[in-house]
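Q: Top to bottom, those sequences are chains V, E, B and C.
For the first sequence, the tail end lands on 962 under the numbering used here, and the numbers increase by one without skipping.
For the second sequence, the tail end lands on 962 under the numbering used here, and the numbers increase by one without skipping.
For the third sequence, the tail end lands on 752 under the numbering used here, and the numbers increase by one without skipping.
For the fourth sequence, the tail end lands on 752 under the numbering used here, and the numbers increase by one without skipping.
Beta carbons are placed, not taken as given, at the ideal position from N, Cα and C, and that holds for glycine.
Below you'll find the structure I mean.
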Amino acid sequence: MDFKDSPEQAAFRAEIRSWLQANATAKSAGGGRKDQSDAYEDAKAWYKKVADAGYACLNWPKQYGGAGLSDIHKVIWSQEVANYAEPDGYFVIGIGNCGPAIMHFATEEQKQTLLPPMASAETVWCQMFSEPSAGSDVAGLRTSAIADGDNWIINGQKIWTSGAQHSDYGVILCRTDPTISKYRGMTMFFIDMNQPGVEVKPIKQMDGGAHFNEVFFNNAVIPDAYRLGEVGGGWGAALLVLMNERLAIAGVQPDGFPEFLQLVKTLHIDGEPISANPAVRERLAEWYYKHAGIKASTNRMLTAVAKGGMPGAEAALGKLVGAVMNQDIADYAIQLLGDAGVICEPNIAEQQAHFQKTVLFSPGIRLAGGTDEVMRNVIAEQVLGLPQEPRADKGLAFNEIPSGNQSR
Amino acid sequence: MDFKDSPEQAAFRAEIRSWLQANATAKSAGGGRKDQSDAYEDAKAWYKKVADAGYACLNWPKQYGGAGLSDIHKVIWSQEVANYAEPDGYFVIGIGNCGPAIMHFATEEQKQTLLPPMASAETVWCQMFSEPSAGSDVAGLRTSAIADGDNWIINGQKIWTSGAQHSDYGVILCRTDPTISKYRGMTMFFIDMNQPGVEVKPIKQMDGGAHFNEVFFNNAVIPDAYRLGEVGGGWGAALLVLMNERLAIAGVQPDGFPEFLQLVKTLHIDGEPISANPAVRERLAEWYYKHAGIKASTNRMLTAVAKGGMPGAEAALGKLVGAVMNQDIADYAIQLLGDAGVICEPNIAEQQAHFQKTVLFSPGIRLAGGTDEVMRNVIAEQVLGLPQEPRADKGLAFNEIPSGNQSR
Amino acid sequence: MNFDFSDDQKNIQDQARSMLAKECNSSVVRQVIDTNSGFDEALWQQIIALGWPAISIPEQHGGLGLSYLELCVIATELGRSLAPVPFIASVYLGTEIIKAAASEQQQAEWLPELASGEVISTVAIGSDKSSCRASNDTLNGSKSAVLHGMIANRAIVAASDEQDELQLYLVDLHHNSIQCTTQNSLDPSLPRAELVFNNTPAIKLSGTLSAKAAISRVFDRAAVLLAFEQVGGCEAAIDMAKAYTTDRYAFGRQVASFQAIKHKLADMFVAKELAKSNAYYGAWALSADAPELALAAATARVSGIDAYYLCSKENIQAHGGMGFTWEFDCHLYYRRAQALSTLLGGNPYWKSLLVDRLLAA
Amino acid sequence: MNFDFSDDQKNIQDQARSMLAKECNSSVVRQVIDTNSGFDEALWQQIIALGWPAISIPEQHGGLGLSYLELCVIATELGRSLAPVPFIASVYLGTEIIKAAASEQQQAEWLPELASGEVISTVAIGSDKSSCRASNDTLNGSKSAVLHGMIANRAIVAASDEQDELQLYLVDLHHNSIQCTTQNSLDPSLPRAELVFNNTPAIKLSGTLSAKAAISRVFDRAAVLLAFEQVGGCEAAIDMAKAYTTDRYAFGRQVASFQAIKHKLADMFVAKELAKSNAYYGAWALSADAPELALAAATARVSGIDAYYLCSKENIQAHGGMGFTWEFDCHLYYRRAQALSTLLGGNPYWKSLLVDRLLAA
């Protein structure tokens, strides 16, 4: 058990450390969350710069735009780049989720065409699984792909698509046969987001932002060459993508702790530093051990992956614990501030209104990528091996499953 | 909205107040929990004394050993007697649960014979519903009653029977037809606990006590006259009993708050009173509002009952909240005491080792009368009207329901 | 014992509920938020017409002279409907501080205008960082996070006098010496403003109670009333979560039939019911002006804050992704929960107050 | 980075687990509890034969000179099996305090007997109410809640010297000046005693570290080791709950198929996994003698305390009524959780320590 690099790893770390020092932007004191489109342009520029230097997708093969190195090199990169202000985690869904799908299912020619510009973020990808009536129950999706000669015609609606408004391509899961079991009637494709029949509509969030989108498909035609995997093999392909997602987002999720620590170190109430208040200290201790535990648990997972294992469903715990504490920390900070806590003006509110912004954004983080309940189910069934609930949809064809005829 | 008595109620309160002053034992400073059999003898003596004075079962008709007064008179009695050390809540299950079953289902002659000595605790009753394989799922019980001419022959095992070792009679729920739906195949009886074929065996609890029992029935024969309600009507009868239980135990459940308040008022750590420690104070505030909320919620229920309503399933919340906080308070107190917290010696440990005893006893309170999960189900289904889960036992005859062949 | 509201009071509540269901659906709230208008003037006029601001004002000052219990049931409905009106500022706080701290003559002068709705009042006495000083009947300094500061006509402001003692002053907010700036806040349907005073004329409240005692008294009363607003909000959030999860299907069954969702809703109900019961006790203490009020008010407040946070945040979660949209109303309750909880000082402040009072009891 | 134990260490763990599964099932633990024997002598002899007490003792003093990582994996298994032996008292505490506070010469004299198992040691340095004073190489006073006080041969006792400074003293517990009384405690498989000293001969530990610094250092090391014992206990509790709810049926289906039970078990797993990961980090800091140890130890300890309380109490609940019986093993874990959490000071004490260290970092 040690945190030391091998000589080769140490050399690599030194190399990127010096490259970053010369090329990356230092963390500034303030900052706060940038406007969505500014952040997007910054991120595209940064990814291109990284790719030009040969550091894009370190663990991808070189012919697909990667560096041909190991997962551990990627971890070292993440550790070092975390010291800078660059938007290094921006295209995590496109590259982390869509990349492996293309890598695994596309033809060699497609891979050579599609992957290098994905790695450098010259083309941007999104992932389209969720639908209005298929949230926690992803396999309840209804967007149809109907074969028409060598083409597929797509109709339906996706929702909660991160970054669809900026995307050139998307990976999409469709129902190709509603008359058989829901898990066997799905197929995965990719699609050009700028083609006819595809319309992207941003969703206004409760915090006023619009990070997510609805995507409407109206007789959108794609060639069969855009199919990823077998017809009817969509669910298996989706599980592969979701498993890679775990690795991609491991340790990236905000849990709100660093900002809370900062608050405890700086805030005075009635002239007393709150760091001396045992009630505040008790919260700090509890949130710290959760924060530290998530981090250490991620390191355990990365060690296992480095030894050739797959990222386990244990990763769900980081999302579950981190997302809840992120919200509760924001609320607690606001409560500590009392009357002033409700004010959102960045020039008045502590840490540029970080806690006020977070209290409004954090409910979405608890939902995105699976609710608390989905995370607990994943842990109970996939880690602990507990039995599934009796399934109301078991043994039924998709179009026979009770749905209450819900509209969304 | 007021807490004032009507003139008639005030007169009654004055009357019992003066009777209690003359006849009841004052609360002593120490006390602690008495040995089980001592407490039993004390309780019998007290109930007899109360009955002789005409204050037993105030809301029962006079011909059945009661005082023919209202529920409100009973509340006034409870409020006043709470100021004394008498074991007034001792036979709460026998009188509160079995009493109404007899009152509702027995013949006039049986009522006149059985109820007065029950009211004065000269005869003691227990309730036998739970079984080794029927806990949260009470209706999963298997103890059989098979008709044999004018008699019924009972075989099987009950468990978690409070006070069976002291009881003269018991109310028992049996399966009279395993070939039909589980809820329709049960019948309620009463039985003489001292008759042949009935064997009581105390269960040693995790805290060393033995408040509960197993009761074994081995060809125990009872006349059909001991049947309470229709054959097959046992589940409805049981629900009536359980509804009365809610009223009987309302506000009786310990939540651990008074003892914690006492600790906060008296304990010093490193020379500082813990009442000045904001972390302790925060816990005190949270537990106090729960304690106060349970009490106020009970008062709301009693007001509704006084106006002719039935005790609602809302009562489940007092049990749910109170039982959990009782355990957590005990643990927290022990943690505050540090190294010394683990010591159970009454002469050394705070408050005669109240917290150490409670940490070992409180898990049972969370279980008795329904687990946390059962309480939440009751609130979700009976109060909020949410749909039941899909039932694996629905539409099946009792003897077809999957049971995993569990032995206990 | 009768631990319930009377039939008359329940009637008032039913009427309030019907009126607000009709006149104050969420589009009214959204209109205020979207246009930054501060309040819904039509709704406020209806409320005035129904005499609600006059409920707790004595008859000799133009009020209805009813008990606080009537105000409690109305608070529940205002909370349930998220009414975007200056009722908290003007009635629970502005009116009450005048009743507590103004002289008889001042009350006779100021209360009738509040009862009739001619004047909207607010208070600027919170524990924010800004400060005010008074000297020679003029005020200087600033106050932040003043509730409905941009639409109120008058404010009662806490300031230090020449002897460095805390006093309360009435100021006319239309006076041109005052600079008033709207501040973005978590709940724009209960908007906040910064007030900057520059030699602003001010009238000292000259009743018999000290400013500190009067503020404490008014905060205790408002704590109970806010607890009822919170309970109303909790009930609305629970109803929303129940309706949505009952209608929506996943895995071939109603979402509300999943035990995790049922238990989430049960926990919301339990928190709400504790808060409601504690609020009832506070209502009794308030209406009886009982010595128990101090502890009962803090208990109701803390219980109400915890319950509303829980119910409003889990209502979002029960709605899944839709709960996170601007379009659904979940966030309106969540925002209101934040706004109500931070008024009069947040949760830790009131917990500490509760414990002070519990240990002194 | 390699954030895992080595294959060799995992082998040691597997062997320890097999041995304990065979030699230390719950009837062994119950025997100690029922007979008040303090420890299981046969098991202790096996543990000595395997050399576990010698693991962290340097080779020149008769030990194995292995790293603390080997001790961590063994701690996990001792915790899992509830081993009723004086390992915590003698190894994590008694041996470590001698290593930290005794002179080279004293270590050379005392450590070999600990390595060989000839001597069982304990410590009496907890934050209890009792106190001890030393003067002229004799001790007077008393110590309460001393772990395995009735079976240990020696104790290292914290006492104030003539200059009122805290010092550490070694005493022979068989000396007739000592009165030793067993105290009932929540976990009789880790028994406690009161020791009363009456002019008891005592040898001052004369190493270079101050007593306070040595105690702090030993407590940090023990905190990590106890965290591994807690993780082992958590895993056993989760396994029990899983097995019982999977076997048992209610309402026609496995109890473990109910979402409320599944989510209860998921929450237990999450708490355990956080504690385990924090313990791993503590193990790294311990083995590397890294400056991060102080914060890592407190983090592992607090995380371990919370996880074991949750897992052991909810394991009882998952068993329903049977969990409350003496017959089922649930309470043995719950009792052990209480015993481990209160050692070295309880949860609030360690939380405060954690924060001190976090803010200083």
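Would you check if the distance between the CB atom of V752 (chain E) and the CB atom of F766 (chain E) is smaller than 9 Å?
A: No; because the gap between Cβ atoms is not below 9 Å, this pair is not in contact.
Q: Can you tell me which of the three DSSP states Y640 (chain B) falls into?
A: It is a strand residue.
Q: Under three-state DSSP, which class holds D578 (chain B)?
A: Three-state result, D578 (chain B): coil.
Q: Thinking Q574 (chain C) and S535 (chain C) are a contact (beta carbons under 8 Å), I'd like their distance in whole angstroms, please.
A: Q574 (chain C) to S535 (chain C), Cβ: 7 Å. Contact.
Q: Quick check on the DSSP output: the alpha helix (DSSP H) that includes V419 (chain C) runs from which residue to which?
A: Note, V419 (chain C): alpha helix (DSSP H), S417 to T426.
Q: For chain C, is any of its Cβ atoms less than 9 Å away from the one on K758 (chain E)?
A: Yes - at least one Cβ of chain C is within 9 Å of the one on K758 (chain E).
Q: I need the straight-line Cα distance from A583 (chain E) to L574 (chain E), nearest angstrom please.
A: With a pLDDT of 49 at A583 (chain E), under the threshold of 50, the predicted position of this residue should be treated as unreliable, and no value is reported.
Q: What's the C-alpha gap between N953 (chain E) and A698 (chain C)?
A: If you take the alpha carbons of N953 (chain E) and A698 (chain C), they lie about 41 Å apart.
Q: Look at the Cβ atom of V806 (chain E), then the Cβ atom of V937 (chain E), and state whether they are nearer than 9 Å.
A: No, these two residues do not count as a Cβ contact at 9 Å.
Q: What whole-angstrom Cβ distance do C523 (chain C) and F610 (chain C) have, given they're in contact under 8 Å?
A: Their Cβ separation, rounded to whole angstroms, is 18 Å, which puts C523 (chain C) and F610 (chain C) out of contact at 8 Å.
Q: Based on the DSSP output, what are the partners of G710 (chain V) in its beta bridges?
A: Beta-bridge pairing links G710 (chain V) to V:F771.
Q: Are P917 (chain V) and Q881 (chain V) close, meaning C-beta to C-beta below 9 Å?
A: Yes; because the gap between Cβ atoms is below 9 Å, this pair is in contact.
Q: Taking any Cβ of chain C, which residues in the segment 647-673 of chain B have a Cβ under 7 Å from it, in chain order?
A: Hits within the stretch, in order: F649, Q650, A651 and H654.
Q: Can you grab the Cα-Cα spacing for the pair V537 (chain B) / G737 (chain B), in whole Å?
A: Each residue's Cα considered, the two are about 15 Å apart.
Q: Counting only beta-carbon separations shorter than 9 Å, does N336 (chain C) have a partner in chain E?
A: Residue 336 (chain C) is absent from the structure shown; chain C starts at 392 and stops at 752.
Q: Which residue from E:P756, E:G650, E:V932 and E:S690 puts its Cα closest to that of W614 (chain E)?
A: W614 (chain E) has its Cα closest to that of E:G650, out of E:P756, E:G650, E:V932 and E:S690.
Q: Buried or exposed: K948 (chain E), going by 16 or more other Cβ atoms within 10 Å of its Cβ?
A: The residue is exposed, with fewer than 16 neighbouring Cβ atoms inside 10 Å.
Q: Does DSSP put Q942 (chain V) in a helix, a strand or coil?
A: Q942 (chain V): coil per DSSP, three-state reduction.
Q: Using 9 Å as the threshold, is the C-beta distance between A709 (chain B) and T599 (chain B) below it?
A: No, the pair does not count as a contact, with Cβ atoms beyond the cut-off.
Q: Starting from Q906 (chain E) and walking both ways along the beta strand (DSSP E), at which residues does that stretch end?
A: Note, Q906 (chain E): premise wrong, no beta strand (DSSP E); alpha helix (DSSP H) at E904 to L921.
Q: Can you list, in chain order, the residues of its chain whose CB lies under 7 Å from that of K665 (chain E), leaving out five sequence neighbours each side?
A: Y618, I656 and M657, listed in sequence order.
Q: Answer yes or no: do A670 (chain B) and C463 (chain B) have a C-beta to C-beta separation smaller than 9 Å?
A: Yes, the Cβ-Cβ distance between A670 (chain B) and C463 (chain B) is below 9 Å.
Q: Give the straight-line distance between the Cα atoms of P812 (chain E) and K849 (chain E), rounded to the nearest whole angstrom.
A: Taking the straight line from one Cα to the other gives about 13 Å.
Q: Taking just the CA atoms, how far does A597 (chain V) sit from K819 (chain E)?
A: The alpha-carbon atoms of K819 (chain E) and A597 (chain V) are separated by roughly 58 Å.
Q: V928 (chain V) CB to nearest chain E CB: under 9 Å?
A: No, V928 (chain V) lies away from the interface with chain E (no Cβ there is under 9 Å from its Cβ).
Q: Residue range of the alpha helix (DSSP H) that S526 (chain B) falls in?
A: Per DSSP, S526 (chain B) belongs to no alpha helix (DSSP H); it is in the beta strand (DSSP E), C523 to S526.
Q: Quick one: list the residues of chain C neighbouring W714 (chain E), beta-carbon separation under 7 Å, in chain order.
A: Within 7 Å Cβ-Cβ: G712.
Q: Assuming I652 (chain B) and V646 (chain B) form a contact by the criterion Cβ under 8 Å, report the distance between their Cβ atoms to the nearest whole angstrom.
A: Confirmed, Cβ separation roughly 6 Å.
Q: Comparing the C-beta of Y640 (chain C) with each C-beta of chain E, is any distance below 9 Å?
A: Yes - at least one Cβ of chain E is within 9 Å of the one on Y640 (chain C).
Q: Would L596 (chain C) and Q451 (chain C) qualify as a contact pair, given that the criterion is a beta-carbon distance under 9 Å?
A: Result no, Cβ atoms of L596 (chain C) and Q451 (chain C) do not sit closer than 9 Å.
Q: Which whole-angstrom value is the C-beta distance of A676 (chain C) and L665 (chain C), which I expect to be below 8 Å?
A: In fact, because the Cβ distance is near 17 Å, the residues do not count as touching under 8 Å.
Q: Examine chain D for any beta-carbon lying closer than 9 Å to the beta-carbon of L793 (chain E), and answer yes or no.
A: The structure shown has no chain D; the protein chains it does contain are V, E, B and C.
Q: At the level of alpha carbons, what is the spacing between F743 (chain V) and L616 (chain B)?
A: Rounded to the nearest angstrom, the two C-alpha atoms are 57 Å apart.
Q: Between the segment 417-427 of chain B and the segment 472-482 of chain B, do three or more beta carbon pairs fall short of 8 Å?
A: These segments touch.
Q: Is there at least one Cβ from chain C nearer than 9 Å to R844 (chain V)'s Cβ?
A: A quick correction: the sequence has Lys, not Arg, at residue 844 (chain V). By this cut-off, K844 (chain V) is an interface position.
Q: Below 8 Å on the Cβ atoms is my contact criterion, and I expect L457 (chain C) with A614 (chain C) to pass it. Report the Cβ-Cβ distance as a whole number of Å.
A: Going by Cβ atoms, the distance from L457 (chain C) to A614 (chain C) rounds to 20 Å, so no, they are not a contact pair.
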